[in-house]
Each structure stands twice: as C-alpha cells, then as structure tokens.
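Encoded as structure tokens, the structure appears first; notes follow it.
Protein chains: 6
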Amino acid sequence: MKILAFGEVMMRLNPANFKKITQTDQLDMSFTGTGLNILAGLAVNGYQTSLLTALPANNLGRAASASVRKLGVNDQPLVFSGQHLGVYLLEMGYGGRPSEVTYLDRSQSAFNQVVLTDDVINQALVGIEMVHICGIALSTSIISRQNALRVARLAAAKKIPLCFDFNFRASLNTETDRESLRACYHEILSSASIVFGSLRDLTELLLISGEDDQAIVQKFMNDFDIKYFGGTIRHKTVEKSELQGYLYSGGNEVVVSDKVSYQTYDRIGTGDAYVSGILTGLIEQWTLQDTVNFATYNAALAHTTYGDSPVLSKEFVLNYIKNKIDVIR
Amino acid sequence: MKILAFGEVMMRLNPANFKKITQTDQLDMSFTGTGLNILAGLAVNGYQTSLLTALPANNLGRAASASVRKLGVNDQPLVFSGQHLGVYLLEMGYGGRPSEVTYLDRSQSAFNQVVLTDDVINQALVGIEMVHICGIALSTSIISRQNALRVARLAAAKKIPLCFDFNFRASLNTETDRESLRACYHEILSSASIVFGSLRDLTELLLISGEDDQAIVQKFMNDFDIKYFGGTIRHKTVEKSELQGYLYSGGNEVVVSDKVSYQTYDRIGTGDAYVSGILTGLIEQWTLQDTVNFATYNAALAHTTYGDSPVLSKEFVLNYIKNKIDVIR
Amino acid sequence: MKILAFGEVMMRLNPANFKKITQTDQLDMSFTGTGLNILAGLAVNGYQTSLLTALPANNLGRAASASVRKLGVNDQPLVFSGQHLGVYLLEMGYGGRPSEVTYLDRSQSAFNQVVLTDDVINQALVGIEMVHICGIALSTSIISRQNALRVARLAAAKKIPLCFDFNFRASLNTETDRESLRACYHEILSSASIVFGSLRDLTELLLISGEDDQAIVQKFMNDFDIKYFGGTIRHKTVEKSELQGYLYSGGNEVVVSDKVSYQTYDRIGTGDAYVSGILTGLIEQWTLQDTVNFATYNAALAHTTYGDSPVLSKEFVLNYIKNKIDVIR
Amino acid sequence: MKILAFGEVMMRLNPANFKKITQTDQLDMSFTGTGLNILAGLAVNGYQTSLLTALPANNLGRAASASVRKLGVNDQPLVFSGQHLGVYLLEMGYGGRPSEVTYLDRSQSAFNQVVLTDDVINQALVGIEMVHICGIALSTSIISRQNALRVARLAAAKKIPLCFDFNFRASLNTETDRESLRACYHEILSSASIVFGSLRDLTELLLISGEDDQAIVQKFMNDFDIKYFGGTIRHKTVEKSELQGYLYSGGNEVVVSDKVSYQTYDRIGTGDAYVSGILTGLIEQWTLQDTVNFATYNAALAHTTYGDSPVLSKEFVLNYIKNKIDVIR
Amino acid sequence: MKILAFGEVMMRLNPANFKKITQTDQLDMSFTGTGLNILAGLAVNGYQTSLLTALPANNLGRAASASVRKLGVNDQPLVFSGQHLGVYLLEMGYGGRPSEVTYLDRSQSAFNQVVLTDDVINQALVGIEMVHICGIALSTSIISRQNALRVARLAAAKKIPLCFDFNFRASLNTETDRESLRACYHEILSSASIVFGSLRDLTELLLISGEDDQAIVQKFMNDFDIKYFGGTIRHKTVEKSELQGYLYSGGNEVVVSDKVSYQTYDRIGTGDAYVSGILTGLIEQWTLQDTVNFATYNAALAHTTYGDSPVLSKEFVLNYIKNKIDVIR
Amino acid sequence: MKILAFGEVMMRLNPANFKKITQTDQLDMSFTGTGLNILAGLAVNGYQTSLLTALPANNLGRAASASVRKLGVNDQPLVFSGQHLGVYLLEMGYGGRPSEVTYLDRSQSAFNQVVLTDDVINQALVGIEMVHICGIALSTSIISRQNALRVARLAAAKKIPLCFDFNFRASLNTETDRESLRACYHEILSSASIVFGSLRDLTELLLISGEDDQAIVQKFMNDFDIKYFGGTIRHKTVEKSELQGYLYSGGNEVVVSDKVSYQTYDRIGTGDAYVSGILTGLIEQWTLQDTVNFATYNAALAHTTYGDSPVLSKEFVLNYIKNKIDVIR
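Protein chains in written order, with UniProt numbering: chain A, 1 to 329; chain B, 1 to 329; chain C, 1 to 329; chain D, 1 to 329; chain E, 1 to 329; chain F, 1 to 329.
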C-alpha cells in the first residue's frame, strides 16, 4: 500500500523536563505536521509512504527532510524553495497542568508560499494508492489552499481514494472568509471517501443540521458520498482521562470503541495517531470494530510517547491491547 | 503595586530525571528563596517587585542577581558583599517517593554576614507599598535577625503594610534560644498586618492556647492586630493528594478553599505560590473566597512546574480553574 | 556482614525523557546485573559486599569496574579478560506503555567466555559470610554454567551460606537442553539455603507438583533443604499497581506482606531490590513479617528510582513505611 | 551613564558541540541582536542600559524579555505585540570550518510590524544620555525603517547623542531600493555623532570617493559632522587570525590598535563587542589609543565566549591585556 | 548516478565534551561504517545511494536503518536478521591527546552472521551504476567474506564498476590466515576498477615489490587492471597537521594535492571523506588535479565535523577552497 | 605500593561548552582536591591508594565518597561529620581566555571543622608505605592545620616516608599569621622526604636566600633533609604554551625535562598530574630523567582531559611520548 500525504511540516521546539521556556536554555527539536504524523504512523506499520510538501531551500529545510526520511517517509516528492519554515513552541504540561503551544508566523513558510505545479503533483501521485490532505492547508494561505485543491483534483482525476482531515480551527479564520472556506471544504469533501473530524466541524463549518448526531453525520456522508467518517471523544474527570473512538461507515453503521484510559506525557499529535490507526485497520481489512479499537488504543498510547509522530508499531499496540504487561524483553 | 521582599537567596542544585545525586554528573541550577519566590509569583502577574538581600561579590553572586532579574524582580536594592552563598541539593521524588533536600552551610553566606544599614534599607523602601519578610531570617544568623527586625521597624516607620511568613523550623533552633526567638517573632508580628503560617506556629512557637483552632487563631490575630492569617492543609491518602487553603480575616471570618487535588513534579516552593496567590487576590480586591480558591489552585499547580518560583500567570490559573483543558493553543 | 555475589555485569543504555531510541542521539549509560544490583542494595545499608565477575580488559571493562566501586561494591575479585561486555537497550515506558528491553549478544562477553579457576574463586571467598549466585548464569553459556557450579561447590566446601536466585527464562533455553539445565539447578539448589523465585520456576523448571501452592513450595523446600524461599506477586488493574511479597521459611510458615501500591518510573531491577530487602531483614534479624514488609516496600520504591540498582537506604525505606511525607529536609 | 538602544531581538538556536543541525535533536537557545548585544556589553561594565524594541505578545516574547533582563538590560521600554519573532540557526564552525547562519523569515516579526508611536519613543528616551540605532532596521521592513528614523529624530530633538552602526548588507536590498535606503542613511547620519562601519559602507552605500582611505573617511566625517568613526579589520592567514581596530576622531586623527591574535569558539557578535568596547572607553574618558586597544581586545576575547552578547567585564579585559595568565582564582 | 555500498554498520558511542567514559553517564550515539560513510558523503552531494548490509531484527537494528535514511541513503536493500550489532566506544582526543577506540565483539553481528543470497544481492544491484566494497568484510567473519566476494562477482557479472577499499588491518588477522585473505583480495581486486589504500597494503598484504613507490603502484595497477588508485599521507609535526592526497591513474600518471593543514575535532571517518571526495570528482568529471584537491580538502574538513560520516556538501567545500571566510550567512 | 593522602575534597561545578555561569542552567559536577587528584593519578597506574579526609554526613558527602571510590581510591579512612563541603565554580577558558575559579566558603566544611583523633589517623596508616599531605591544609583552618601536623607526626613515628606539597597561597594568609604558618611548614618539612613547590615558596614563605636558584634549593634541601624537590615552569608566548619539569635530588643533582608544548582544555589539577607522575617514576624506579620527562608529559596531557583528577594511565602516556599518533584503536 502506497500512501501520499500533502501537508505542512513545522519545526517543533520544546523544553525537556516539563520546564517552561524561561527555565532553560536548551530546546528539543523535531519536525512535525498532520500529514507527516499520519505517514509516520503508517510507515512504522510497514506501508510505503511519501510526503508532498514544501520546505525552505536552506539548512533547516534539509534538516526537516532528513527527519522526514528518518521517520520512514519518502521525501522525494517534496519541493525546496524560499527561506522560511513554520515554528512552534511546546511547553509540555504535567499532571493537570495543560500543555501550551505558541506558534510563530507560518504565513511566509515555503509551504504557504510555493505554488505546486500540476507537474510536481502528478509526479508525486505516480503509483500512489491513497492520498491524505489535511484541511488546515485550506486556511493557512491562499497559495496552500489552491495547492490543496489542486492535489485533490489531480488525485480524483486519477481515481486515487482521498482521505481528508477537517482540522478546522475557527480561530484561524475570520467570519467573512468563512464562506469561501466552506466552499473549499465542499469541493474537497466531494472527492473524499474517508473523512476525519468532529460533529462541530459538520455543524459549525458545514452548517449541517439534523435531529440528532447520527442524523447529522448521516446527512453529511450522504451529501458528500463519504465512505468512512471517524473521530474521537475525550471523557475527562478529575480522576481519569479516557478516549473513545467512533467510525461511521456507509449505510447506517457506527462502531464505537471501548473507553480507553490514558496518561499523558506528550499530548500533541494523538489525533493523528487515531487517523493512522483507522487507516491501518482499513488497509489490513480488519473488522470495523477491531479497527476502531486499535485506533483508539493507538491514540491513547500516543499520549505516552515523545513527539507528535506515532512511533509504536501495530504489533506493539495489538500486544498491549491483549496483554498489559509492564516490560517487554 | 510595588512590593519589596527581604529574604535569603540560595543556589539550588538538582539532578534531572528524578535521579539521585550519585547517578549523574550534571546538575540543574537555579536561585531561590521564600522572598524571591513570592516576588516572582507576583511579577508574573504584572506587579512591580524588588528584592532586598545580600549576595556574594563574585561570579556566583552576579549569576544569582541575573536570575533575580530574569524572574522579573528588580535587583537594585541588593547588596554585594563577601564570598559565600547558601547552597542546597534537591533530589526530586517520584510517585510516593519523597523529595530530599540537603543543605550546605549557609551561616557564612553574604545574607547571614552582612549588616544592612538603615540607609540601605530606607533606600530600598522608597516607593514601596508592601513589604514581605520571611521569618527564617530570624533563625539563620544573629546578623540576619537584626537585619530583619530593622527592615520591619523602618517599614513600620513609613507605615508600609508588612506581610510576614512564619517559616519557623524547630530544627533550626535549640530550646535555649527559643525564648529570644519568640521575642523577635513578637516584635515583627506587632507591625505585621498579613501573616502566613500554621496552627503549630501559633501553639508551639508563640505558645498561644485556646479551646479550638478558631479560638487560637482569633486570639493570635487580636493580640497582634493581624488583618489576614493564611495557610494550607494537605490531605494525603494513598489514592490522592489534595490541598486546601484557608484565610482568616479580621473580625471572625474564615474562608476555606475547595480541596484541590494535585500531582507533584516539583514539590519545593509550593507554599510560596500560595502566599503569592493570596497577595494577588488582595491586590486585585477579589472576594476572600475567590482569593483563597485562586491561591490554592496556584499552589496546587506549582507542584507541576519545575523550580521553586511560581511561573504561571493569574490568567493561566484562572483559566485552569474554569476550564480543565489539556492543551492551550 | 560480608557478602559476595557471582553474576554478569552488562552495560545498560537508555534514552532519557521516555523517548524511543529513534528519537534521540544521546543515551544514559549505567552498568548493571542481578548480582551487582543486590550487592548495591546491601552496600547502601552498610554491609561489605564484593563482586566476582569477568569484565573485558579494555576501557569499557574498566569503566564498568569503576561503576561497581561507585555503588559501594568491592571490585577486587573481578577478572579482566577479553574484549566484550553484554549490552542492553532500555526504552522506558510511561503510564500504561510498557518498557522495552533489547539485548545485544552476550554470548561473547568476558563473563560468558572466561573460565574462573578454583584459585580465583577461593581467593574471592576469603572472609565471605554469604554468597549469592544468579541462576541466569546457568543458561548464558557453558562456561558461565561451569563457573557458577564451581562457585557453589567451593562455597559449600567452606560452609558459606548460599543464596540463589532462579532467574529462569524459558526463552533462553530450548526444550532439549532443559534436562541438563534442570540438573544444574538441582545441584546448586542442593547447597542453597535461601532461594528466590516464583511458583512457575518450581513447576515448569523443576517439575514439582502438589495439591496447592503451599504444598508445592513445601515439597521444594524439603527436597532441597531450603531455609527461606521468597518472591513477589504483582496485582495490576487499570486503576492501580500493587506489589505483594511472600517469604516461606522452614517448617510450614509463610509470611505475606501488605499489598503496596507503586508508581513506575524505572521498572528494571525491582525484583533485585526485593531480594536485597529480604537479605537486609535476615542480616538485621528482624521478624519475618517485618522483613517481608520491608522488602516489599524496598521493591515498590525501587520502581520510582532511576537505574537497575537499589539506591535507597534502609533508613529511608523504614521512614517511608511509617511516615509518608512528601519532602525530607 | 544611561544608554538606550533601538534594535531587533531574534531567537538564536544552535546545536552544541560543533554539530550540524542534522546531527542533534537538541538546540541551545539565546536571544540576541546588535542593539541588545551592545547594551549587554555595556551593562556588564556597570552602565544603565535599556532596550527599545518590539517582541511578540506570547510566551516566546516574554522569554525574550526575561533574557534581556538577565543580561542586565532594562526591558521597560519594549512593546509586546503580534505573534512573531525572528529566528536564526547557527551551526558553529571549528578550526578552519566556517560557521553557518540560516535565517528564518523576520519580515513578520513584531519588530518589523509594529509602529512605535512618538509617545512610546519619547517615554523610552526619558533620562537617556546616549542612543544607539542599528542600521539594519532601515532594511528589514518599511515599518522598522520609519521607526528607526523616528527614534533618531526624537533623540535629536532632545539633543541626545546618537551612536549609529551601519550594519549594511547588500544582500538584503535590491538595487532599486538602494536609492531610498541611501536617503535614510543620510538622514540618520546627519544626526549621529558616533558611527561604526567599514570603508565599503562609505564607498558602496554612500558612494563617497577619495584618493585614499583616510580621505574618504575624512570626507564622510565632515559631510555628516561625525565625531568618531570606528571599525575593525581582520588579518587572517593559515597560521593565525588577528584583529585590528581603528577609530577616527574629528579633525584628522586616526588611532589604530595592536594586531590582536584570537582563537574562535563563537564568532557571532564580536563586532558588537568592539562597539561596546569603544563606547566604554569614551564613557570612561580613556585616551583614544587605550580605547581602541581595549575595544579590540574586547572583540578578540568575544570570539572565545559563547553567545552573541559580550559577557566579560572591563576589569577582566584590562587584566587580560596586562597579564595573560591562564587561570584566575 | 546510483551507487550501492556493501559494508557493516556499527553503533558508535562517545562521551561529549572530550570526556573519558568514566567521567560521564551520557553517551552520544550514531551509526557508522566505511560503506555508509562514503554513501553519506555522496548523498550530501546529491547522488542516489543505497546500502546493502544486515542489521539486527530489533529496535536497535531499526534505529540504525532510520539513521541510514536520515543520512540520505536508501535502506531498502538491507536485511534484518539476528539480534546483534557491532558497538564501538570513541573517546575523543583533544590537542595532542589521541582519540581512543574500543570495539566490542562484532563477530556475532547480523552483518557477520547472515548469508546474503544471490537473490538479495541481485535485487540490490538493480539500476546501480557503481558498487563499493569495504575490504574489512574479508576479515570480520567467514560469512562476511563470502558475502563480499559474492557481491563482487554479481556486480562484475552485470559489468557494474567496482570501487574497493583495502581497509586491511594486520591486527585482525593471524599470519596463518594471511594466505587465504590474500587470495580473497586478489579475487576482488581482479574485478575492481577504483581502489583506495596505502603503499603498505600493496607491500605487506599483496607482497608486491619494486624499486620505488611509483613502480610498486604501477605494478599493482597493471597486475589487477586498476584504473584509479588513491590515498592520503599525513604530515604531522608538533606545530601543525597536514594532509596530502594522491591519485594514480592508468598509464603512469600520479596527481598529488596541496598539503592541507587541518585541526581535529573528530578524527574518525576522515579517510572515508577522502574516498567520497574522489568519487565525487570522478562522477563530476573534474580534472584529476581538481578531484584530488577537492578530496583532500573534503577529508581535512571532515576532521572538524562531528561524527564519522561526511556532512559537508561539495558547494561548501569548494567555497572553502576558494574563500576561507569564517562565517557564512 | 600503598599510598595514603590527607587532604580536602571539594565539589567542583562547571558549565559545559566553555560557557559562563550566567549562560546556562546546567552544571557539571565532580569532586576534587589535591590529595585526591594525586591518588587518582596513582590509582590509574595500578597502585593502592586511600584517602584520609572528612566529608559531611549527608547525601552530598556520600556522593563525594562514591566519586572517590570511582576514581579507584579507597574511602575507608574517611570520616563523615557535619553538613558542609567546600564548593567551587570553574568557568573554563577557551583559547587565550583564562579560566575563572570562584570559591564558596570552605571554613565550615567537615574537613576544616572535624578533629581527626590519633586513633583515626593511626588506623588509616596501617599498611601504608607513603603519605602525602597537601600544604593548603595548614591555611584553611586551625583544625585542619592541627590535623595535618598530627598526620605528619604519626606517619613519622611509623617511619612512613612523607611527601609534601607546598600549595602555599599568599592570598589565604594575612601577614601577621605568616609567622605561625612558617613554623608549621618547618615542622612538616622536617619529616618530609619528597617535596613539591616553587622557588617562590622557598624565598617568600621560608625566607631562604642564596646566590642563585640552585643554591637556594640546595640550602632548603639540606636544612630539611629533603630527598627530592620537584616542580614545573610554564613558558608561554602568544604562539605556544610549554611546560618544563624539574626534579632536584639529594646531593647536587637537578634533572630538567624537555619543554613539552600543550593545548588546554581543562587547566585545573595539572600540577597534581605532575606530582603523581614523579611519584610513579620513583615507585617504578625509573631514572630521574625518565621520571621528570614522564611527569611533565603527564601534566601536559592533563591539560587536555576533563576534570581535576588525572585519568590517563602510564601506558597511555609512555605510548604518547614515543608515538604521537592521533587515534588508538
């Protein structure tokens, strides 16, 4: 199975040891992004993955591409151009203390400034069996939006199944451009077959209404001819944190996972682990119930590993589901 | 609001990663002390703070003063003299394992050896609206005791409200000098309006008795004309740790916070976070209930942050009280 | 009390901060092994300990011996020879995520390749009052097996009490050599007076059967004239992890500890902390109940400390049992 | 002496141990900029310094301002606004291998996007006896250019002496805007009394010509009524690196320093050390020869210290000039 | 240009900061080997490279392959098998103090234990335009020797040019097996066209004699029909270290580089940088003089970079040859 | 050969990477002292060494004793008492920049506060063949002075040869107590047979005069019946640093080493390496010329290693003298 993702790569900087940035002069560095994270989670399971993105044509861009390769993701499709890369600071929480994310400007990043030509995209699509697009590209710049739409169109032209992740953040968009954004989502959704998101994405962005959640999702899936729609719900009390995954499939079916309790070491990227878990189940043709359970455990365990990208193989996760031992020798 | 604190600054050394000192050859360094911690907790909330202390006239003393400034505290009032600085080692606990604190000698530190003249103190008090004195200075040396009393007298002369922290440790005093120590506490308390301590401080050091806790505190506050008396109680079971703050105010009122459960990353300095929380509430003129709740959450969250000095702003803490999310973007 | 242990020393490498090895380019290094761990746990309690092992005659071997000394264990008896040392990678778990141990080849290590002569062993036994042998040496090479048997015989000849740890791992042995391995265990057990292991060791390796657990252990202790037989049981639920120790003594007695709940920072070596705890109780001539309680708490706390070797003194543990404070000043 | 500088603060990230960025996942972080560096070099000599700049209104901006304070520079004048801060990567060279600097986009930084009002600037100038402006602000954005000119005008209006640093980089400007840039330099130079730069700045940017270097400088200083013009020349052979400073003063005088040989640990910011050295000599009213010698040694030693900001006090440097010992106790 | 190398990958561990291993508990980790280093040096110049090797089928093997990819080298051809990987410790020297290398056993490594089938090798050779074999594989085990010979034969069968590196270490072979080793060298050399080595390799291993160096090399090149034979000579005095490269080409020509002086940060792998430099020149069809100069500078600069694998691009090195600046912006 | 040293152990803290203390929040920690350093230098050569000192009875004291053992020095003789340990900060220089040492108070350290009884000393002297006393103990406190004299007397009583190191620092003594200090030196010197110091020690402290250096030394050695008197001279120019050792022996002989050029990574403790080098030569009964050459190279190489204590074996140094290779495999 060969999967291509289109998405931005950012540099993540975080103090170690749960420190605030003012408490250290050393930062851990990694490179991350929704598309990259999902591919990394698939690569660790043995699938062939490649990333279509743009990175600056300088030492930082080359370092980012080296990290992409280290994660097992083919960096051939990516384009080097410009001088900027998005950067974000993560100050990791501890216990009840929430993590804090601080973004530096990403509007000038190679990803948000470089036009990907049809040639570049078509070249990237050669041999690809599934494409993933992260919806945030529709909001980060006009150029990234056009690039995302172009990838979707060219993939559709080649009849490559499209997996799409809403990743809609109200804060990134003013109300006035909500309308044009919605049109873009509509266009992409119309060629997508697998979609990840939340009910709020359907109601607030797409303005779909219905008598209950199931009806809303049903309408959404019918309208856009979506085959699978998945996501997670968090159940948090003072005593414990639990994650629960769901996956709607065509017709009228919804499967829901166990509530999986988790402890958090590194919160970021856990949603991407859910996505790569679902895709793994679909690739492996597991039952939907096994798929959603696997994805939920995959996401729960992703809270316990460093970094945004999933690093645990499906063998590890399946073993964990069956067998909650505390040391593997 | 401009607050000055008088107190010792020590160098804290701790192994990272919960190691014992024999398990590493690298130590994390910070500079700390009750007065400094409280000021840092106020500075992060935007108040103007300055520290009156003495540091050695060498590279370590200058490094300490640089750290004071980094915490947002004005270091102008401090005096450089001598060659010594107190040092303590912190071996951080994990889970149930308690943290261990090992003090090196502080009797020869600049703070405990330098006489602060009236001129130096009066200069430091210019424009100051509140003074904080940490009671431990009454025990660490004869010179620091005299300095503390002089600060209290000169502040009183200028009618600057005095905030006083008992910080009485029985182990630092032999029984024979308990009497003279008590006299010093009496003197300082007579000019204090806000006091932090525990019931044990009242009964064991001041020898106040009464039919119940409330009566003892009432008697104490009446005797010394104290406006506010605050502190915390820890509720620990095997299953969870909870913190509860209280604040007595003149007349007969006592407000008590929620029991706030917490997880511990770095235990030291959490009491100072309570004090800076109470002072923040008083400065902001919140209700006493809001004040004590805020201070208790401030202290509870201080268990989750590295270092002795509070680093979370009131906006962060208030947001946390309302909204227990796990990541802030 | 002078105790000698015979056992392999390996180099442990682990990424800090709960990272997987692909997420870092820095590893923490320590030197470890069952015998060394048990001795370290006894040395921290003030007993004189020394280690009989073989290390490579190069900079790594000398570094290992320096670490042995740092742990308070006499390295005089050890032999330098060859060029290899066993190495293992530990990727520490977090929350529910299990730790992962990856061994590199140890068959070529000095320990597994060097024949210890009677002279070397007899020299090591001078003045020794107790000998500990780790049963894994019976499986790691033919040479280490013969060395272990020779140590047991020479200790028996000098009537030095022998403490033996099963440490049987089915995975290290094919079924065909199970027979000869069993014979070796029989031989060593016949001169042992204190034995640590699990019921599975008795039933699967020794093929002892009986109507219930107690009967099996009784038969085992009678057959081999064992004075004490100890071990632990883990009780894990989603909500908490608890450890419970047991100690059978001659006649028919068994004492069982409290269920002690624990949190895990570093899982490896906690069984060795149990053994050193039991030996401490026996050396101190505490009651068996006090001994097994102490050992269980010692093991539970060992989950919270870095490294395989116990580092907490008996004073620390006893204080913890009585008094669950969160900071020791 | 109270000095204010106006200039951009950037985050510097560098791998330790002379590594390339692809060889590590940890970066050292500091905050730096020409104005900040010069102020830090003056603060370490005991002068009162403050920085007028703009930093993002987020955790990174606050961390930057904490670092400013730690360097002994007053951060009161600075403005928090926006979300971006310039970032650069330094890969430090070793031996003959040059260091490499990679800039991320700074066009969107708070410094380059925020208009500083007359009020803000006038407030910053209260009590100031010298102002320093770094010429790069004329090139980094239209807004920063206008801000720089405004600072110069308001300082001139208050008759505060202006120190100006060319910091012209041809690569930052296209030929077409060279003309308007030259006009800005003309305007600022007309109110400057102390200027730092190179002969190339005079000939290539200002288009001044003359029969020899001295004549060119003389013409420049006459045209703009400059009191002091200083800079350095590097003499590099395979065998050694030497630095030589010069300082032209009104009339016709030029003083030149010894050739000072140096070894390089951290190359960046050494020119700023020269500037702070010259300003120190002028403030102290040393002879021009002593001043230029001091500044050259200050710059030479700055090659041996970590970070862009000078950290060695004038006592240290003067002692070094006299007395080349290898350890100070 | 597509180059495949066959060679062992080892884990390198080194203390940072020029420490001896007893002075730290932290080690820097990287993965290295002659073939990998040469490929990395080619990949950084933009050529397509892939590595044929064997790595253990465990977390360490996977980490090694991730590092291979990070270096820009395709890891598709490599085989996962067994549990062992060679490990070596590097204690880096400083000034005159030599570096120390300590090897752990590599005889049990996957590389030295796994038979590579013709299928695996032929698959790896698809599309390859040059093959590199490191001669040390002829000495490390019988299996690695057979694998190396098989790779050479299959490459020859496909008429892919073979580049061979003597890498003969007398210490790895007893005199008695010198004869059979010589036969293996003979066999491989007979299909090689580019060879790297020293005069000693020709005289001591191959037993070639002649009246002077040139005659010996000439005889060697004629006997085995070698097109290029290259290597370096070090000139060390107390005052400086210089490197000089040579390259013999068919007919009677020898070109010799400048003596390039260098300073050493990390000594290991610098010979591999020479090889990748020569191959780069040949690929680029530079003159032999330019080629040997480039390779010598490439090797000289490799002394100043961390790690065994070359990390500087040809643009960087060519710029350095022309232009010895101290910072690149 | 069994050597005992009497001397203070301090905690050394230094920033890594040549940083000033204000530029980091992490410090490298080690434990050091003249006596300990000399013993470490002897232990690495295989001699049996033990240390008589006093360390605080707390976690820091125990960590110090663990480090003593790690260095190969027996810690049995040392006494645990009190709570303080001397601490010093080392800020390492680079290139021409001198290192800076900042001492915290050591007057209250266990070493300077604990009276060593005759019993403790006599116990420590059992089996000892040489005793080393560091002269600084005569200045650090009255108690340490009395302890040093007592050790010298009891060693003399047992006819154990005494090695004495002047280590006189004028700055530690006022002129008025110079007289009593001189008397102490006289007393100790009268029982010493091997002495290390400089000409200045003889003229300024002992007030010996003579017509030339040789005459002064001769008089000193005659007066006190000294068998060997050794030391070093540094020759520093801008271009290079050289070290030259000398050793006077009874009668009239003086041997002088080569001038050995060196580069400095860590300057502290290099004099102690000279002492351990001389003692090694005397123990090995090398010629005096070989001895002084070895010691000088030992000291020169000690500039290139981290830490105050010598870590290079005599095999390493002898190999280096003969054979200046750049990597040892």
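All C-beta atoms in this analysis are idealised placements derived from N, C-alpha and C, irrespective of residue type, glycine included.
All figures in this text were calculated on a predicted structure; none of them were measured in a lab.
Whole-Å CB distance - residue i paired with residue j, under 8 Å assumed
{"i": "A299/C", "j": "T270/C", "result": "5 Å"}
{"i": "D165/C", "j": "V292/C", "result": "Actually they are not in contact, since the Cβ atoms of D165/C and V292/C sit about 16 Å apart, beyond 8 Å."}
Own chain partners of residue i with C-beta closer than 6 Å, once the 5 adjacent residues on each side are dropped
{"i": "A54/B", "result": "V79, S81, A110, F111 and V114"}
{"i": "G93/F", "result": "S99"}
{"i": "G250/F", "result": "K227"}
For residue i, three-class secondary structure by DSSP
{"i": "N222/E", "result": "helix"}
{"i": "K70/C", "result": "helix"}
{"i": "D272/A", "result": "helix"}
{"i": "D165/A", "result": "strand"}
{"i": "I325/C", "result": "coil"}
{"i": "S44/F", "result": "First, the amino acid is wrong: residue 44/F is Val here, not Ser. Looking at V44/F - three-state DSSP - the assignment turns out to be coil, as it is neither helix nor strand."}
{"i": "G230/C", "result": "strand"}
{"i": "V151/A", "result": "helix"}
{"i": "T32/B", "result": "strand"}
{"i": "R200/F", "result": "helix"}
Spatial neighbours of residue i in its chain, beta-carbon cut-off 8 Å, leaving aside the 5 residues before and after
{"i": "E242/C", "result": "R234, H235, K236, K259, V260, S261 and Y262"}
{"i": "E211/F", "result": "none"}
{"i": "M29/B", "result": "M11, R12 and L13"}
Residues near residue i by beta carbon distance below 7 Å, same chain, minus five either side
{"i": "A43/F", "result": "T49, L71, G72 and V73"}
Legend entry - Ordered list of beta strand (DSSP E) runs contained in the region 81 to 139 of chain F, each at least 3 residues: 87 to 91, 99 to 103 and 130 to 134
Legend entry - Sufficient close CB pairs (3 or more, under 8 Å) joining the region 10 to 26 of chain A to the region 303 to 312 of chain B: yes
Legend entry - Sufficient close CB pairs (3 or more, under 8 Å) joining the region 184 to 201 of chain D to the region 140 to 150 of chain D: yes
Inset, instruction - Evaluate contact between the region 42 to 57 of chain B and the region 46 to 60 of chain C, counting only Cβ atoms and requiring at least three cross-stretch pairs below 8 Å. - result: no
Inset, instruction - Decide if the region 33 to 42 of chain A is in contact with the region 7 to 17 of chain A; the criterion is three or more beta carbon pairs, one per stretch, under 8 Å apart. - result: yes
Legend entry - the region 63 to 77 of chain B contacting the region 57 to 66 of chain F, beta-carbon criterion three pairs below 8 Å: no
Inset, instruction - Report yes or no: do three or more beta-carbon pairs, one from the region 215 to 226 of chain A and one from the region 214 to 225 of chain C, lie closer than 8 Å? - result: no
Legend entry - Meets three-Cβ-pair contact criterion under 8 Å: the region 117 to 125 of chain A and the region 135 to 143 of chain D: no
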